[in-house]
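Sequence order for the protein chains is W and G. In terms of the UniProt record's numbering, the first sequence is residues 1 to 388. In terms of the UniProt record's numbering, the second sequence is residues 1 to 439. Data block below; observations after.
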Amino acid sequence: MGEHVRISHFRNHYELTRKNYMVKNLKRFRKQLEREAGKLEAAKCDFFPKTFEMPCEYHLFVEEFRKNPGITWIMKPVARSQGKGIFLFRRLKDIMDWKKGTAGKKLTSLEAQPARNTVNPSGSHDTRSSDDQKDEIPVENYVAQRYIENPYLIGGRKFDLRVYVLVMSYIPLRAWLYRDGFARFSNTRFTLNSIDDQYVHLTNVAVQKTSPDYHPKKGCKWMLQRFRQYLASKHGPEAVETLFSDMDNIFIRSLQSVQKVIISDKHCFELYGYDILIDQDLKPWLLEVNASPSLTASSQEDYELKTCLLEDTLHIVDMEARLTGREKRVGGFDLMWNDGPVSREEGGPDLSGMGNFVTNTHLGCVNDRKEQLRQLFRSLQGQKKTPN
Amino acid sequence: MTLTVLRSTRQGSWEKRILKSLNSMCTELSIPLARKRPVGEQKELLNKWNEMGTDEPDLSLFRPVYAPKDFLEVLINLRNPNYESGDSLSFRTHLGLIQVPLKVKDIPELKEFFVELGLTTGQLGIDDSTQVPPELFENEHVRIGQKVLTEQDSAAAQQYIRQGSPTALRAELWALILNISSHPEDILYYEQLKTNVIQHDLLVDSLIYKDVKLTASNDDYYFVFEDYLYQVLLCFSRDTSVLSHFAYNSASPPKSYIRGKLGLEEYAVFYPPNGVIPFHGFSMYVAPLCFLYHEPSKLYQIFREMYVRFFFRLHSISSHPSGIVSLCLLFETLLQTYLPQLFYHLREIGAQPLRISFKWMVRAFSGYLATDQLLLLWDRILGYNSLEILAVLAAAVFAFRAVNLMEVTSLAAAEAVLADLSTLKVMPLLQIFLFATVT
């Protein structure tokens with residue numbers, strides 16, 4: 001492949017973006033952190049709700065289920081998007097019924113087989129996997145995840161946050177965070193009584209579009225700036241700072257957990273769409289990471305966000321080789337991690353690990369990207385003219 | 001120019017028109033002005049109280065009783081029969097739509113009145129922008145705000161808020177200035193209003209529903225608060241304590257008579273009970289408040305107080321300096337005096353500036369400005385206890401877009417230039433217009 005070629009995906013991004021793999025990688029990373037740095041450090045990885053892969057962890061799931069009677073669980077297919085195939089349940093009976101359906105049939109047949117498809121070192125076909133190939137229906141994996149029952153509500157409605165993270169390389173890890181994003185609202189009021197009402201619980205716009213209440217003009221989205229202001233006027237700026245730095249933690253740790261697994265390639269970069277849910281204690285939870293976040297626009301504002309996002313992504317990819325590589329901000333993107341934390345202040349990262357270190361992220365803050373880009377490119381031009 | 005003259009002539013006939021419109025809607029649709037709800041319906045409404053927005057009643061036959069532009073036509077036709085055209089030389093040359101010679105401030109007087117908005121005084125909305133280090137103004141201002149709140153000093157709060165309120169302190173500061181505290185009796189009062197709503201259905205309720213659906217629900221930001229709007233506005237229309245504001249309002253509340261007893265005062269009731277008939281866009285007075293207050297009874301009290309102190313002046317005819325007539329005249333005078341070229345040009349092409357700015361002022365800019373900017377503007381309304389800033393801002397907006405407006409050749413094109421105010425920063429606009437323009 002030529003030097004100049006750039007690819008907008010990493011070959012095995014599913015390690016981060018497929019729910020079952022992400023969970024596995026995060027669990028493994030957490031264990032490692034606990035060994036190396038202790039329980040407190042590992043606890044920083046507790047931002048994903050307890051998840052079990054189906055069918056291989058079915059028995060573990062049942063154990064956890066029995067320990068916590070009455071809580072709600074959500075079943076999600078690992079590889080589908082836009083809210084398809086998801087349902088909520090509280091009773092094991094509900095899974096039994098589901099097992100009996102077509103999805104269930106695959107589940108029972110899979111239960112008899114080992115969890116992962118292991119490649120036979122001799123290269124010969126495993127007899128069982130050839131049986132699989134005879135099976136017409138493609139195998140589908142699910143995860144059962146603890147449903148967050150106390151989501152933060154605005155106007156009585158549930159919402160989730162969509163945040164954009166651009167990863168330019170995994171080794172070393174270089175990640176940028178986009179200042180803009182949005183909160184996606186469910187069209188109906190939140191209540192746990194209506195488990196069957198798929199529309200209440202799933203906030204993807206794709207699902208909302210089919211809800212009978214949906215009015216396309218509304219768009220049901222708030223820009224993150226508005227969301228941040230609303231929270232600040234309700235909880236004060238410190239609480240909001242804490243929430244947003246907890247979210248930074250989610251982005252960094254999730255990327256670190258797959259750092260060694262992702263096939264590194266200097267031609268590759270990837271723009272991820274993170275889905276975050278906030279609960280009533282202002283704790284953020286990671287719902288999932290998307291490698292192909294939707295770039296269709298549901299409103300004028302949305303269109304502007306997405307076109308600027310793409311433009312700034314391409315500025316960072318820098319096919320024109322204009323950047324020096326030492327920039328901490330390009331348009332709406334702030335450099336969040338550069339083989340180590342990046343500080344807002346000038347100078348190197350705070351290695352002493354003591355206070356005063358503020359990460360270089362500005363999620364939901366003012367995005368004066370046009371002005372910044374103008375200044376940036378003007379100064380770059382200036383640098384080119386005066387050879388150093 | 002006196003209150004009595006305006007009251008007896010135009011306000012009276014305007015009120016008659018509104019009432020006639022309401023009554024005819026009533027007869028056309030064969031819906032009573034009020035009816036008691038059957039028990040089953042009461043229970044249903046109580047269950048759905050927190051999500052009334054999910055209800056989709058058939059509102060297609062309802063129309064708003066009036067819209068701001070109807071009201072503007074009435075104001076344009078206001079005349080003072082006592083006025084002789086020879087009296088005021090300057091007024092004879094007034095080329096705007098308002099033909100009532102009320103006294104309005106000029107820029108030197110406004111500079112004095114709004115002295116805290118001057119160039120040398122720190123402002124939130126300007127001196128808290130990202131380029132300005134917070135040590136210069138913001139930190140100290142926040143500290144003072146916290147002190148004002150600790151001391152619970154209402155007068156100090158009003159003075160303080162002239163320079164804008166920090167986001168985290170705004171809800172409390174407004175409550176302090178408006179003298180709102182949530183005592184048990186206030187919460188009880190709200191609950192009683194709620195019971196009233198549950199038990200009786202008013203025709204006005206459908207108008208409220210329609211207004212919310214048409215305006216706030218379609219707004220990119222306020223749609224989230226749809227349910228709160230019903231909870232506030234339905235209760236508001238039953239609140240007879242609002243009637244007391246008519247004592248200092250030139251308007252009088254519409255009355256309705258028990259069937260068959262038309263004209264007999266002992267059978268008259270105010271309709272709706274609070275005497276306020278909502279018009280198209282009314283719910284936008286409440287929507288920005290949902291950003292600050294989340295507890296229904298508190299939100300209700302704040303809105304009610306804002307209404308009886310300020311908002312009612314925006315849709316009733318009076319000679320008060322904060323009344324809509326004075327605001328329109330102030331706007332037109334500012335424009336004609338300080339931007340004469342623009343004013344004449346717009347007039348020539350049939351785009352009288354007031355036709356465009358009227359809707360902004362009637363709604364106190366709600367729904368036109370970005371929410372954070374709107375709240376900074378309303379800070380100043382509270383701080384100066386006056387709505388005149390709305391007229392000044394309207395003029396400042398025209399001044400800001402003057403270059404583009406000079407190029408247009410039709411009313412529609414002028415409307416297009418001024419259609420989107422969501423990117424405007426109000427404080428710099430006001431400051432430049434009042435303190436930095438060469439007059």
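Beta carbons are placed, not taken as given, at the ideal position from N, Cα and C, and that holds for glycine. Treat the numbers as computed from the prediction; the structure is a model and nothing was measured.
If only uninterrupted beta strand (DSSP E) runs of at least 3 residues are considered, those enclosed by the region 14-91 of chain G are 34-36.
In this chain, the alpha helix (DSSP H) harbouring W/T307 covers 300-317. Against chain G, a Cβ distance below 7 Å from W/G236 picks out A168.
Taking 9 Å as the threshold, the shortest C-beta distance from W/D265 to chain G does not fall below it. In the DSSP annotation of this structure, W/L166 is not part of any alpha helix (DSSP H); the continuous beta strand (DSSP E) holding it starts and ends at 157-169. Of all residues in the region 288-306 of chain W, the ones placed with a Cβ closer than 8 Å to any Cβ belonging to chain G are S299, E301, in chain order.
Distance from the CA atom of G/D379 to the CA atom of G/R162, rounded to whole angstroms, is 7 Å. Interface residue (Cβ-Cβ distance to chain W less than 9 Å): G/G53 is classified as such. Between the C-alpha atoms of G/V417 and G/A351 there is a straight-line separation of about 12 Å. DSSP places W/L173 outside both helix and strand once states are collapsed to three, so it counts as coil. Within a 10 Å sphere around the beta-carbon of G/E295 sit fewer than 16 other beta-carbons, which makes this residue exposed. Scanning the region 233-319 of chain G from its first residue to its last, the whole alpha helix (DSSP H) runs of 4-plus residues come out as 296-309. In this structure, the CA atom of G/A413 is about 24 Å from the CA atom of G/D220. In this structure the region 311-331 of chain G touches the region 355-375 of chain G; the number of beta carbon pairs closer than 8 Å is three or more. Taking the Cβ atoms as the reference, G/V100 lies roughly 12 Å from G/T333, outside the contact range of under 8 Å.
In the DSSP annotation of this structure, the continuous segment of the beta strand (DSSP E) that includes W/I74 starts and ends at 73-77.
Under DSSP, W/K221 shares a beta bridge with W/R184. Look at W/A297 here: in three-state DSSP terms it is coil, with no helix or strand label. Three or more Cβ pairs closer than 8 Å define a contact, and the region 293-302 of chain W falls short of that threshold against the region 167-176 of chain W. Residue pairing for W/V289: DSSP places it in a beta bridge opposite W/Y274. In this structure, the straight-line span from the alpha carbon of G/I324 to that of G/R79 is close to 15 Å. One finds nothing in chain W with a Cβ atom closer than 9 Å to the Cβ of G/Y230; even the nearest lies about 12 Å away. Note on G/M284: 16 or more other CB atoms within 10 angstroms of its CB, so buried under the neighbour-count rule.
Pairwise C-beta distances place the region 227-239 of chain G in contact with the region 204-213 of chain G, as three or more of them are shorter than 8 Å. Taking 8 Å as the cut-off between beta carbons, the residues of the region 196-229 of chain G near chain W are S217, N218, D220, Y221, F223, V224, F225, E226, D227, Y228, in sequence order. Listed in chain order, the non-local C-beta contacts of G/D227 below 7 Å within the same chain comprise N50, E51, M52, G53, local neighbours out to five positions each way being set aside. At least one CB of chain G lies nearer than 9 Å to the CB of W/W222. Burial check for W/D160: the Cβ neighbour count within 10 Å reaches 16 or more, so the residue is buried. Its chain contains K44, F47 as the residues whose beta carbon lies nearer than 8 Å to that of W/N249, once the 5 sequence neighbours on both sides are disregarded; these appear in chain order. Around the beta-carbon of W/D281, fewer than 16 other beta-carbon atoms lie within 10 Å, marking it exposed. Counting the other CB atoms within 10 Å of its CB gives G/S60 a total below 16, which places it among the exposed residues.
With a cutoff of 9 Å on beta-carbon distance, G/F310 and G/I389 are scored as not near each other. For G/T130, the neighbours in chain W by C-beta distance under 7 Å run, in chain order, V366. G/F365 and G/L393 do touch by the CB rule: their CB atoms are close to 7 Å apart, below 8 Å. By the neighbour-count criterion, in which 16 or more other beta carbons inside 10 Å mark a residue as buried, G/D128 falls on the buried side. The secondary-structure analysis by DSSP pairs G/Q199 with nothing; it has no beta-bridge partner.
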